[in-house]
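For reference, the structure is listed below as C-alpha cells.
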Amino acid sequence: MLSDAQDSATHVSASFTWWGHSTVGIELDGVRILTDPVLGRWIGPLRRSGPLPSVAAISDLHAVLISHGHHDHLDLRSLRRIDRDTTIVLPTGRGSLLRAEGFRNVVELAVGDSTTIGEVHCCAVPAQHTGARWRAGRESHAQGYLISGSQSVWFAGDTGMVDALLELRGKVDIGLVPIGGWGFTLGPDHLDAAQAAQLCAQLELTQVLPIHWGTFAIPGSRMFRAAWRRQDPGLFATLVQPPVHVLAVTAGQRVDVPALPTDGAP
Numbered sequence: 000m001l002s003d004a005q006d007s008a009t010h011v012s013a014s015f016t017w018w019g020h021s022t023v024g025i026e027l028d029g030v031r032i033l034t035d036p037v038l039g040r041w042i043g044p045l046r047r048s049g050p051l052p053s054v055a056a057i058s059d060l061h062a063v064l065i066s067h068g069h070h071d072h073l074d075l076r077s078l079r080r081i082d083r084d085t086t087i088v089l090p091t092g093r094g095s096l097l098r099a100e101g102f103r104n105v106v107e108l109a110v111g112d113s114t115t116i117g118e119v120h121c122c123a124v125p126a127q128h129t130g131a132r133w134r135a136g137r138e139s140h141a142q143g144y145l146i147s148g149s150q151s152v153w154f155a156g157d158t159g160m161v162d163a164l165l166e167l168r169g170k171v172d173i174g175l176v177p178i179g180g181w182g183f184t185l186g187p188d189h190l191d192a193a194q195a196a197q198l199c200a201q202l203e204l205t206q207v208l209p210i211h212w213g214t215f216a217i218p219g220s221r222m223f224r225a226a227w228r229r230q231d232p233g234l235f236a237t238l239v240q241p242p243v244h245v246l247a248v249t250a251g252q253r254v255d256v257p258a259l260p261t262d263g264a265p
C-alpha cells in the first residue's frame with residue numbers, strides 16, 4: 000500500500016528526508032542524523048540520476064551513521080563537508096579512516112554494541128553484506144542500526160536476506176529498507192523489491208521508506224535501465240501487504256511521521 004508523504008501538524012516525533020541511494024536525513028526527538036552520506040554527482044564510474052543533496056542535508060547534524068566501507072556508503076569526499084565535531088558511528092575496523100580526516104568523535108560498533116546520541120539510543124544490528132573496502136582491506140563488516148526514541152527506526156544499510164534480521168520482528172516502527180542497487184544484477188547481498196516486501200512482512204513492519212534504488216548507474220547503459228525497472232518503489236508498493244505502508248518520497252522530499260498514540264490517548 001502506497002501512502003503519500005504528507006506533513007503532519009500534530010505529535011510529529013520523526014521526520015525523514017531521502018537524499019538518494021542510502022543517504023537519509025533522520026530527525027527523531029530533536030536529534031539530527033544522516034545515514035551513509037553520498038553527496039556528489041559521481042562515485043567512480045557511477046553517475047547520479049536526479050538532484051544533488053542540498054546543504055540542508057549536512058546542516059546541524061548530531062551524528063552520521065555509516066553501514067559499511069563500500070565507497071557508495073562511506074564516501075570520504077562527502078564526509079569532508081561535515082563538521083568535524085559531528086559524531087561518526089561506523090563498524091569496527093573503519094574508524095581510522097575518519098580519524099585521519101580530523102573527526103574527533105568517532106564511535107566504532109560491532110553488531111550488538113550500542114551508543115547514545117542525545118535523547119536516542121543507537122544499536123548496531125546484523126546485515127548480510129561484505130564490509131571490504133578497496134585499498135583499506137577486509138578487516139570490517141557491514142551492519143544496520145536500530146535507532147530508538149519515542150519511535151524506533153531501522154536503517155538497514157545494505158543487506159540481503161539473513162535469518163539474523165528476524166530478531167528485529169516487532170521492534171521497528173519505521174524501516175529504511177533497500178529495494179535495489181546499481182549493478183546489472185543484485186546478488187545475495189542485496190534486496191530487490193520482491194525480497195524487500197517479503198522481509199517487511201517477516202519483520203511485521205508497518206511503515207517503510209524505500210532506499211538504495213534509482214540513484215547511481217553507469218551513464219548510457221541499457222542494461223542498467225532495465226535493472227532499475229525491477230527496483231521501482233511503485234512496484235515495491237504493489238508487493239507489500241497491509242498493514243505495511245510505503246512512504247512515497249522523491250529525492251530531497253521530507254516526510255513527517257506522527258508519534259504513535261500512547262495508552263489512553265484519544
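Note that numbering that gives the first Met the number 0 has the sequence shown beginning at 0, numbered continuously upward.
Note that CB positions come from ideal geometry on N, CA and C, so glycine has one too.
No experiment lies behind these values; they were computed from the predicted model shown.
If you run the structure through DSSP and keep just helix, strand and coil, what is residue i?
i, result
"S151", "strand"
"F15", "strand"
"Q201", "helix"
"D84", "coil"
"E26", "strand"
"G143", "strand"
"P177", "strand"
"A131", "coil"
"Q194", "helix"
"R31", "strand"
"T91", "coil"
"T114", "strand"
Over what stretch of residues does the alpha helix (DSSP H) that includes residue i continue unbroken?
i, result
"L51", "L51 -> no alpha helix (DSSP H), and no H or E assigned at all."
"L108", "Segment 104–108 is the beta strand (DSSP E) holding L108; no alpha helix (DSSP H) there."
"T237", "232–238"
With 16 other CB atoms within 10 Å as the buried threshold, where does residue i fall?
i, result
"S95", "exposed"
"D82", "exposed"
"G136", "Confidence at G136 is low in this model, with a pLDDT of 49, below 50, so the placement of that residue should be treated as unreliable; the coordinate-derived value is given next. The residue is exposed, with fewer than 16 neighbouring Cβ atoms inside 10 Å."
"W143", "Reading off the sequence, residue 143 comes out as Gly, not Trp. Buried, because 16 or more other Cβ atoms sit within 10 Å of the Cβ of G143."
"E166", "exposed"
"T214", "buried"
"Q206", "buried"
"R79", "exposed"
"W18", "buried"
"G43", "exposed"
"V54", "exposed"
So residue i packs on residue j, CB below 8 Å; how close in whole Å?
i, j, result
"A99", "A126", "Not confirmed; about 25 Å, so no contact."
"V239", "V248", "V239 to V248, Cβ: 16 Å. No contact."
"D28", "E118", "5 Å"
"S77", "V37", "5 Å"
"H72", "D35", "4 Å"
"P232", "I173", "15 Å between Cβ atoms; not a contact."
What first and last residue would you give for the beta strand (DSSP E) that runs through residue i?
i, result
"R253", "253–257"
"P125", "119–125"
"L64", "62–64"
"T214", "Here T214 belongs to no beta strand (DSSP E), and DSSP marks it neither H nor E."
Who are residue i's beta bridge partners in DSSP?
i, result
"Q206", "I173, H244"
"S77", "In the DSSP output, where bridge partners are listed per residue, S77 has none listed."
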